[in-house]
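In mature numbering (1 follows the signal peptide of the UniProt record, and there is no 0), the protein residues as written are -20 to -1, 1 to 223. Even glycine gets a Cβ: it sits at the ideal position worked out from N, Cα and C. Every value quoted in this text rests on a predicted model; they were computed, and no experiment measured them. Some notes on the structure that comes next.
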């Protein structure tokens, strides 16, 4: 039962992970993220394929080109050209991103994930306009994301799913085999008991019949002997009367 429940939980987790969408963004060429606007659900991935000489840093709308305070937010570092880096969306709040290379953010290299709908003035155009005179900064080390394409996880998920399915199948097969073996053993035991009982009954019947036959055989000669003695007595009495 434990194996079945564990397998079900594992399959459920893998199915949920498989439902997460991946939003691909090309970094470069030039001062661009393509696309520069992404709408993502909680749990989705935003995946960047880099051209050389760029990075991805998270800021607030009110502090363009400057990382979030207290070490919060995401930062890719400077991946090599063609390298893939991604982060997972934890909620549907706006995420403002920029390139920290001097002059890049100021030149309009920025984007937004889940642009706000409640405040029409907080647009990507407004963010880029405010960036023109900002000073670019970046965190010291990468944070908040992972290197490698999300598609690389699919084979791992597929292997795990296959393994879980095979394990559950093997467990079910073992249980069925054990049940079949127990049933076979019980049936064999019952048949053996029935055979022993039948043999015992037959033996007792045969013994009783033999004993009855023996007793009947002993009674017949005794009756014959008694009859002979009575006849001899009658003859003797007759002879005595004549004399």
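request  = Leaving aside the five residues before and after residue 15 along the sequence, list all residues of the same chain whose C-beta is less than 7 Å from its C-beta, in chain order.
outcome  = Against the chain shown, residue 15 aligns to sequence position 35. Once the five neighbours on either side are set aside, the close Cβ partners of residue 15 are 5.
request  = Give me the Cβ distance between residue 104 and residue 92, rounded to the nearest whole Å; I'm assuming they're in contact under 8 Å.
outcome  = Here residue 104 corresponds to residue number 124 of the chain shown, with the count starting at 1. Here residue 92 corresponds to residue number 112 of the chain shown, with the count starting at 1. So it is a contact: roughly 5 Å between Cβ atoms.
query = Considering only C-alpha positions, which residue in the set 24, 37 and 12 is nearest to residue 71?
reply = Start at 1 with the first residue of the chain shown, and residue 71 comes out as number 91. Residue 24 is the option with its Cα nearest to residue 71.
task = Spatial neighbours of residue 63 within its chain, please: CB distance less than 6 Å, with the 5 preceding and 5 following residues excluded, ordered by chain position.
result = One-based indexing of the chain shown puts residue 63 at position 83. Correct list, in chain order: 30.
ask   = Would you call the CB atoms of residue 74 and residue 47 closer than 8 Å?
value = On the chain shown, residue 74 is found 94 positions in, with the first residue counted as 1. On the chain shown, residue 47 is found 67 positions in, with the first residue counted as 1. Taking 8 Å as the Cβ cut-off, residue 74 and residue 47 do not qualify as a contacting pair.
query = Looking at residue 77 and residue 126, is the spacing between their C-beta atoms short of 8 Å?
reply = Counting from one through the chain shown, the residue named residue 126 turns up at place 146. Counting from one through the chain shown, the residue named residue 77 turns up at place 97. No, Cβ-Cβ distance for residue 126 and residue 77 is not below 8 Å.
ask   = What number of angstroms, rounded off, separates the C-alpha of residue 79 from the C-alpha of residue 18?
value = Here residue 79 refers to the residue found at position 99 when the chain shown is read from its first residue. Here residue 18 refers to the residue found at position 38 when the chain shown is read from its first residue. Their Cα atoms are separated by approximately 16 Å.
task = Have a look at residue 52 and residue 45 and give me their C-alpha separation to the nearest angstrom.
result = Start at 1 with the first residue of the chain shown, and residue 52 comes out as number 72. Start at 1 with the first residue of the chain shown, and residue 45 comes out as number 65. The alpha-carbon atoms of residue 52 and residue 45 are separated by roughly 14 Å.
ask   = Where does residue 108 fall in DSSP's three states?
value = In the chain shown, residue 108 corresponds to position 128, counting from 1. Note: residue 108 maps to helix in three-state DSSP.
task = Could you spell out the range, first to last residue, of the beta strand (DSSP E) harbouring residue 93?
result = Stepping through the chain shown from its first residue, residue 93 is reached at position 113. Its beta strand (DSSP E) spans residues 90 to 93.
task = Pick helix, strand or coil for residue 56, following the three-state DSSP scheme.
result = The residue you call residue 56 lines up with position 76 of the chain shown. In this structure, residue 56 counts as coil in the three-state DSSP scheme.
request  = Using beta-carbon positions only, say whether residue 81 and residue 26 come within less than 8 Å of one another.
outcome  = For the purposes of this step, residue 81 is taken as residue 101 along the chain shown, with counting starting at 1. For the purposes of this step, residue 26 is taken as residue 46 along the chain shown, with counting starting at 1. No, the Cβ-Cβ distance between residue 81 and residue 26 is not below 8 Å.
task = Under 6 Å Cβ to Cβ from residue 8, same chain only, skipping five residues before and after it: list those, please.
result = For the purposes of this step, residue 8 is identified with residue 28 of the chain shown, where counting begins at 1. Excluding positions up to five away in sequence, the list reads 31 and 34.
ask   = From -2, 3, 41 and 10, pick the residue whose C-alpha is nearest to that of residue 106; which is it?
value = Walking along the chain shown from the start, residue 106 turns up at place 126. Per the Cα distances, 41.
DSSP beta-bridge partners of residue 6 = What you label residue 6 is simply residue 26 of the chain shown in a count that begins at 1. Partner(s): 14 and 29.
query = Can you tell me whether DSSP reads residue 50 as helix, strand or coil?
reply = Residue numbering aside, residue 50 sits at position 70 when the chain shown is read from its first letter. Helix, per DSSP.
inquiry  = Since residue -2 and residue 87 should fall inside the 8 Å C-beta cutoff, what is the C-beta to C-beta distance between them, to a whole number of angstroms?
reply    = Sequence index remark: in the chain shown, residue -2 carries index 19 (1-based). Sequence index remark: in the chain shown, residue 87 carries index 107 (1-based). Taking 8 Å as the upper bound for CB-CB distance, residue -2 and residue 87 are not in contact here, some 37 Å apart.
ask   = For residue 50, is the classification buried or exposed, using 16 other Cβ atoms within 10 angstroms of its Cβ as the cut-off for buried?
value = Taking the chain shown and counting its residues from 1, one reaches residue 50 at position 70. Classification of residue 50: exposed, given that the 10 Å Cβ count is below 16.
key: residue 21 versus residue 123 - alpha carbon distance   = In the chain shown, the residue the question calls residue 21 occupies position 41. In the chain shown, the residue the question calls residue 123 occupies position 143. Answer to the nearest angstrom: the Cα atoms are 21 Å apart.
task = Express the C-alpha separation of residue 111 and residue 89 in angstroms, rounding to a whole number.
result = Reading the chain shown from its first residue, position 109 is the one you call residue 89. Reading the chain shown from its first residue, position 131 is the one you call residue 111. Distance between the alpha carbons of residue 89 and residue 111: 9 Å.
query = On the three-state DSSP scale, how would you describe residue 131?
reply = Sequence index remark: in the chain shown, residue 131 carries index 151 (1-based). In the structure shown, residue 131 sits in a helix (DSSP, three-state: H, G or I).
inquiry  = Here's the rule: buried if 16 or more other CB atoms are within 10 angstroms of the residue's CB, otherwise exposed. What is residue 56?
reply    = As a position in the chain shown, residue 56 is number 76, starting the count at 1. Looking at its Cβ environment, which holds 16 or more other Cβ atoms inside 10 Å, residue 56 is buried.
task = Return the CA-CA distance between residue 61 and residue 97, expressed in angstroms with no decimal places.
result = The count along the chain shown starts at 1 and reaches residue 61 at position 81. The count along the chain shown starts at 1 and reaches residue 97 at position 117. CA-CA distance, residue 61 to residue 97, rounds to 34 Å.
message = Using C-beta distances below 8 Å, list every residue in its chain close to residue 1, excluding the 5 sequence neighbours before and after it, in chain order.
response = Sequence index remark: in the chain shown, residue 1 carries index 21 (1-based). If we look at residue 1 and ignore the five residues flanking it on each side, its Cβ neighbours are 20, 21, 24 and 25.
task = Reducing DSSP to helix, strand and coil, say where residue 66 ends up.
result = Position 86 of the chain shown holds residue 66. Three-state result, residue 66: strand.
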